[in-house]
Amino acid sequence: MANKKPSIPKGTRDFLPAEMQKRSYIFDTIKEVFQRYGYLPIETPAMENLSSLLGKYGEEGDKLLFKILNSGDFFSKIKNKDEESLITNKITPLISEKGLRYDLTVPFARFVVQHRNDISFPFKRYQIQPVWRADRPQKGRYREFFQCDVDVIGSNSLLNEVELILIIDDVFTRLGIETIICINNRKILYGIAEVIGEPDKVIDITIAIDKIDKIGLEKVNEELFQKGLSAEAIEKLQPIINLKGILKEKFPKLMEILKDSEIGLQGIEETMMVLRHLKDLDLDNKWRLDLTLARGLNYYTGAIIEVKAENSSIGSICGGGRYDDLTGIFGLPDVSGVGISFGADRIYDVMTEKNLFPNKSISTSKLLFVNFGKDEEKYCLPLLAKIRKAEINAEIYPDHAKMKKQMTYANNKNIPFVVLVGADEMRTGKLTLKNMQTGEQDKLPIDKIIEKIISISN
RNA sequence: GUGCUAGUAGCUCAGUUGGUUAGAGCAUCGGAUUGUGGUUCCGAGGGUCGUGGGUUCGAUUCCCAUCUUGCACCCCA
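For the first sequence, the working numbering begins at 39 and goes up steadily by one.
Structural data, given as structure tokens:
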């Protein structure tokens, strides 16, 4: 009798038809744009070997991986069952060798290495699938969510970076979301770390200055000090973080600062190239160079991109960058890729918040046959087939229920037309067509009904 | 993983300083109307008061634990 209420795991969601319709709208729009730019779809399994996943996302990422318990009697295979060897991180490799994917980029790198002989480079692919993270859920953060990735792999050209930004601009313009696209380059960040004499602390530095908008300059400096940066290095960093002004002024200053760092200068050059193109292209969305943009994922090496919706509490809705050696870890060195990922669920949240979904009716059915009984069913079925052949979405109520019930069904499902077929209609061949919006009724033969519905829906 | 908030019908929420049968609106179902929905009127079903334990004569109410939700940190789409 244990009649427990059914539930789903923390941070996961069911989607009702009304939500699915809106989600499909987002996915369809994104897919259409991806294809417009010449990207082709792939899919990869929900689970990967843990060895493919671990160590790719940083320490924090490893913690957030969902691990899958081995099948069978794995426990008997463990030799030492004393407490010492049962500590989580020691026992994990013994009982789990698979995990749910954390993003689509790392599985893609694995995919490219594995299928290198079946694809030709540069390889442009898109991939729309769910990913899983064992994070604490909160606003705009789920444990299962969909990413829409576009990547080009096997090309060093900065044209790819430019193209991805155009895709971002295209997608958000179509969806009606006003965004700001932030652009930076990891090489500039490396350069800065080099110049201030703390090249080993790049990650700490970037993570800290990434928070400057949120916690302010003082707290950032505090955090840097705690991470072990010398006071001198922090001092040197200040003018860089505080670089103000328009691009024309920023770049010469930055070049002066980074003049002793080869990698830093390279980063500046790359970024200037990209931005110069963007200037010519007249985007609908705002964009800017943001030296405080860092992004947490370890594998980025060049350009980094992040998109935020304007005036929204939901965090970034799209992000990405260039990774020079992701395939290297899987045994294929010297292949560079760039890619971005759209967070479909956050885009959904932003669009809900700002009421940006087009208000279409939920049902796709244009017409419902009311069911009066056995003889009438028999009479209606061929007519229904005819209507469907005319490419009109239509259905018949499956039970011989009361009129009220059937009409309510049509009403709730937003079906614009109802056809009533009883003894009278069967005798004359003229069916009663009811317009659910106006309440008007006509007696028409089936061909006229088809004509009418087609003319109205066009 | 850390801190804070909350959990009462399918949904949104009342309520109880610990005391018989826990309420409303919406939704659902039925009827007024056996071939006419969206508006109206009448009625019905639905709750182990998140779960487990403790204190008490008695707990939905107090205490503890746990799960879930929301928020902040961390991190991120």
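Glycine included, C-beta positions come from ideal geometry on N, C-alpha and C.
{"Item": "Excluding the 5 residues flanking ARG384 on each side, which residues of the same chain have their C-beta closer than 6 Å to its C-beta?", "Value": "GLY178, ILE352, ILE355"}
{"Item": "Where do the N-terminal and C-terminal ends of the alpha helix (DSSP H) with TYR228 fall, by residue?", "Value": "224 to 233"}
{"Item": "So, using beta-carbon positions, are LEU316 and ILE203 closer together than 8 Å?", "Value": "yes"}
{"Item": "Quick check: the Cα distance between MET464 and ALA56, rounded to an integer number of angstroms?", "Value": "36 Å"}
{"Item": "Classify PRO396 as buried or exposed, calling it buried when 16 or more other Cβ atoms lie within 10 Å of its own Cβ.", "Value": "exposed"}
{"Item": "Following the continuous alpha helix (DSSP H) through PRO563, name the residue where it begins and the one where it ends.", "Value": "With the chain running from 39 to 496 in the structure shown, residue 563 is simply not present."}
{"Item": "Mind checking whether ASN108 and ILE219 have CB atoms under 8 Å apart?", "Value": "no"}
{"Item": "Look at the alpha carbon of GLN185 and the alpha carbon of ASN409, and state the distance between them as a whole number of angstroms.", "Value": "43 Å"}
{"Item": "Would GLN444 be called buried (16 or more neighbouring beta carbons within 10 Å of its own) or exposed?", "Value": "buried"}
{"Item": "Measuring alpha carbon to alpha carbon, tell me which of LYS60, THR50, PRO47 ends up nearest ASP387.", "Value": "LYS60"}
{"Item": "Using a Cβ-Cβ cut-off of 6 Å (strictly less than) and excluding sequence neighbours within five positions of PRO237, which residues of its own chain qualify?", "Value": "ALA231"}
{"Item": "Please look up how many angstroms separate the CB atoms of GLN167 and PHE146, rounded, as I've assumed it's under 8 Å.", "Value": "Actually they are not in contact, since the Cβ atoms of GLN167 and PHE146 sit about 11 Å apart, beyond 8 Å."}
{"Item": "So, are the CB atoms of LEU102 and GLY137 less than 8 Å apart?", "Value": "no"}
{"Item": "Give, in chain order, every unbroken run of the beta strand (DSSP E) that is at least 3 residues long and sits entirely within the segment 261 to 327.", "Value": "324 to 327"}
{"Item": "For PRO79, which of helix, strand or coil comes out of DSSP?", "Value": "strand"}
{"Item": "Please state whether DSSP places VAL456 in a helix, a strand or coil.", "Value": "strand"}
{"Item": "Determine the direct distance from the alpha carbon of ASP100 to that of LEU78, and round the result to whole angstroms.", "Value": "30 Å"}
{"Item": "From what residue to what residue does the beta strand (DSSP E) around VAL376 run?", "Value": "375 to 381"}
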